[in-house]
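There are 2 protein chains.
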Amino acid sequence: MNITIKDVAKAANVSVATVSRVLNKKTNVSEEAVQAVNRAVEELGYSPNFLGRDLRKSETKRILAIIASTEQSFYSEVLRGMQDAAYADGYDILIATTRDDPEHEMHLLGMLFSKAVDGAVLLAPKLDNATISGLAKKYHLALCLERMEGCDILCVTIDNERAGFDATSYLLGKGCKRIGLITTHIRTQSSIDRERGYRRALETAGIPVDEGLIYYGDYGVDTGTKGCEHLMRQSRKPDAIFSISDTIAIGAMTYAIQNDIKVGKDMLFFGFDNIAYSHMFIPRLSTVEQPCYLQGKTVVEKLIGNIKNGLPDAATYMLPHSLILRDSTGD
Amino acid sequence: MNITIKDVAKAANVSVATVSRVLNKKTNVSEEAVQAVNRAVEELGYSPNFLGRDLRKSETKRILAIIASTEQSFYSEVLRGMQDAAYADGYDILIATTRDDPEHEMHLLGMLFSKAVDGAVLLAPKLDNATISGLAKKYHLALCLERMEGCDILCVTIDNERAGFDATSYLLGKGCKRIGLITTHIRTQSSIDRERGYRRALETAGIPVDEGLIYYGDYGVDTGTKGCEHLMRQSRKPDAIFSISDTIAIGAMTYAIQNDIKVGKDMLFFGFDNIAYSHMFIPRLSTVEQPCYLQGKTVVEKLIGNIKNGLPDAATYMLPHSLILRDSTGD
DNA sequence: TTGCCTATTGAAATCGTTTAACCAATAGTG
DNA sequence: CACTATTGGTTAAACGATTTCAATAGGCAA
């Protein structure tokens, strides 16, 4: 039923070894044999079984990218970077989603343990530091976008603390005195770091942090809307809001627009990620841009380096971010 | 270096066959042996090599979902459906992106030909009908979201012609006389079908189709903006615009807002897909909703059925769509 | 003719599993 | 007691490729 290398060998009247050599473009094979094999491959419609090949070579030339869900549209640029780096070295990138379930994340990592892929990149780890740290010693595992505090693992990200500091400082520079923060109760390292940056900026400016101006929600739009509403109910209202994601910021702006608050004048808004919709939505959102493509490209390049060399580079690389200024900060 | 089933067997003082039986929860193995094997597995940190297993069983329990890019955020629901169906049967879903390159699509299908996955689902085929049709005869391949005219392949989609008809008819029912269409020059079957529905609705209402009111662009936001601008420059301006995607429709509305056209009054807008941003964007967009989750779930259920039974179901299933009415049509 | 070198080629080992075929020992049955 | 089942286990043959190693043939120099 299935056509194997044996069938090709028989049809071409050579041994399986010769067929293998032709297919892998090895030298030491006569022009005659090459012709015969190619003809046979063509006729039979043969394609080599990767399971056999990969088992023998014990490498798959495949890398798994593990993400939470494909909904976070801004992953797409990261993945593009990963793919470009991978293809350049003859690797393929496969994507799998954890759906925010640490158990499922572990299940997917099983593909790594079981040699179904040569390496894996986690874009939003749900597993705890100790677990990840342990695995990184045994397998070719890397982190992208999210770092892990005190964890020996290859990691490519941005300096989120610094970015949070920069965004908040910009708002302060615009004359804002009471800056609200909408973040997530889910304590990813990036949200922790961004909040830290926010706090440090206020402290540096000599403004005490008002805990009532910090709202904790999830990653959805509604968090922005509810967060903004909540902050506006404070006795002393904020004059600016920094959100740790554009999606949240857009939700917050939606609330403002519907309540006749002039975005960019009465109140300034700052987002994070520079997703496509952040400049489609009107008023256009000021935001922090991180080098998505480059982070993806870098992490895969380094991971492949590790796979090839055996020498594990377990450093953390922080790539530069930048501020994009638009309507929502009155620019 | 690598721990294999042999090492476990040695450590547990049994044969490899017994280890395999324990791991696969087969009968005919004493409690004693089970204990010994489990202990050995634990101690050695053994995880079975999938390449060996899959080669032997010649099945991987993995299905590949081939999409254009992860940017199209509305795929995420489809993928959720696919995953739920897959997990229920012990399968995993892997995702790969073609980046709109038919050659790369073929490369990814190579994983199917080479048994690295048991089946594949194409969500936005770039390859031509004849090629796909041919492959579907030999492999477990299915289509989701996009049908293919006269192609013998398992396919789960909606009736896009009917949906285009319904949306246009709704605008007609609202009293619109000159309805513009913004679609793509990339001739996917869904865009062809939606345009056909648009034309049929006009004809049914006795309104001749004005080719000047049809704008062809790509799938980006800018197409909406430019399309709207172009349509407004016509000698007789449109009083409504039907866009074949929400992203395009949002772009079109952006143009309208910036040019002081009252959305939902002066001009009505209809989108397609009901993406998350379609109700975040203000004014909220009326749109056609397709059952994303259900389409994904259905196609994988049927594909797994094909894999298991061998009997190939190559039918086309059309699931019901619905109209979501919001601000942009004055509802 | 003999010997040596090179260019091709094929037979067989190997990768890590699963599983069919077999075997020994124990228990059950008339 | 002789004769099956049943149970728990082993050995060895797949699965489909790659690759090592040895063998063959032909060319060429001595």
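Sequence order for the protein chains is D and F. Reading the first sequence from the start, the letters are residues 1 to 331 in this note's numbering. Reading the second sequence from the start, the letters are residues 1001 to 1331 in this note's numbering. Don't be surprised by glycine CBs; every beta carbon is placed ideally from N, CA and C. Since this is a predicted model, take the numbers as computed values, not measurements.
Counting of Cβ neighbours within 10 angstroms places Ile186/D among the exposed residues, the total staying below 16. Within 10 angstroms of the beta-carbon of Ser1058/F lie fewer than 16 other beta-carbons, which makes it exposed. In terms of CA proximity to Ser1278/F, Gly251/D leads the group Glu289/D, Gly251/D, Asn259/D, Val299/D.
Straight across, the Cα-Cα distance linking Asp1007/F with Arg62/D is about 27 Å. Shortest Cα-Cα distance from Ser1191/F to any of Glu1229/F, His1321/F, Ala1240/F, Gly1217/F involves Gly1217/F. Bounds of the beta strand (DSSP E) holding Val1156/F are 1154–1158. DSSP places Thr223/D in the uninterrupted alpha helix (DSSP H) bounded by 221–232. The three-state secondary structure of Glu149/D, taken from DSSP, is coil. Remark: C-beta atoms of Phe1050/F and Ala116/D approach each other more closely than 7 Å. Here Met1267/F is bridged, per DSSP, to Val1263/F. By the rule that beta-carbons nearer than 7 Å mark a contact, Glu1071/F touches chain D. The C-alpha of Ile5/D is placed about 9 Å away from the C-alpha of Ser47/D. In summary, Arg1236/F is exposed, with fewer than 16 beta-carbon neighbours lying within 10 Å of its beta-carbon over all protein chains present. Identification of residues in the region 48–64 of chain D having a C-beta nearer than 7 Å to some C-beta of chain F yields Pro48, Asn49, Phe50, Leu51, Gly52, Asp54, Leu55, given in sequence order. In the three-state scheme derived from DSSP, where H, G and I count as helix and E and B as strand, Ala136/D is classed as helix. When Cβ pairs closer than 8 Å are counted between the two stretches, the region 119–131 of chain D is seen to touch the region 145–160 of chain D, the count reaching three or more.
Taking the Cα of Gln1035/F as reference, the smallest distance to any Cα among Arg1233/F, Ala1009/F, Pro1312/F is reached at Ala1009/F. Bounds of the alpha helix (DSSP H) holding Arg196/D are 189–204. For Cys292/D, DSSP records no beta bridge to any residue. Contact check for Asp118/D against Lys297/D fails: the beta carbons are separated by 7 Å or more.
If the five residues before and after Gly45/D are omitted, its C-beta is found closer than 8 Å to the C-beta atoms of Ile3, all from its own chain and listed in chain order. Segment contact: the region 1283–1294 of chain F against the region 1107–1114 of chain F, fewer than three CB-CB distances shorter than 8 Å; contact not assigned.
In this structure, the straight-line span from the alpha carbon of Gly1206/F to that of Asp1246/F is close to 27 Å. For Met280/D, the nearest CB of chain F lies under 7 Å from its own CB, placing it at the interface with that chain.
Bridge partners of Ser243/D according to DSSP: Ile182/D. Counting the other CB atoms within 10 Å of its CB gives Glu71/D a total of 16 or more, which places it among the buried residues.
Sorting Ser1020/F, Tyr1091/F, Phe1242/F by C-alpha distance to the C-alpha of Tyr1170/F places Phe1242/F at the top. Here Thr1329/F really is in contact with Ser1286/F; their C-beta atoms are around 4 Å apart, less than 8 Å.
His1140/F places its beta carbon less than 7 Å from that of Ile1307/F. Leu108, Gly110, Met111, Phe113, Ser114, Lys115, Ala116: these are the residues of the region 108–121 of chain D whose beta carbon lies less than 9 Å from some beta carbon of chain F, given in chain order.
With respect to chain F, the C-beta atom of Tyr277/D has a partner C-beta closer than 7 Å. Here Glu105/D is buried: its Cβ has 16 or more other Cβ atoms, across all protein chains shown, within 10 Å. If you draw a straight line from the Cα of Asp1092/F to the Cα of Met253/D, it is about 39 Å long.
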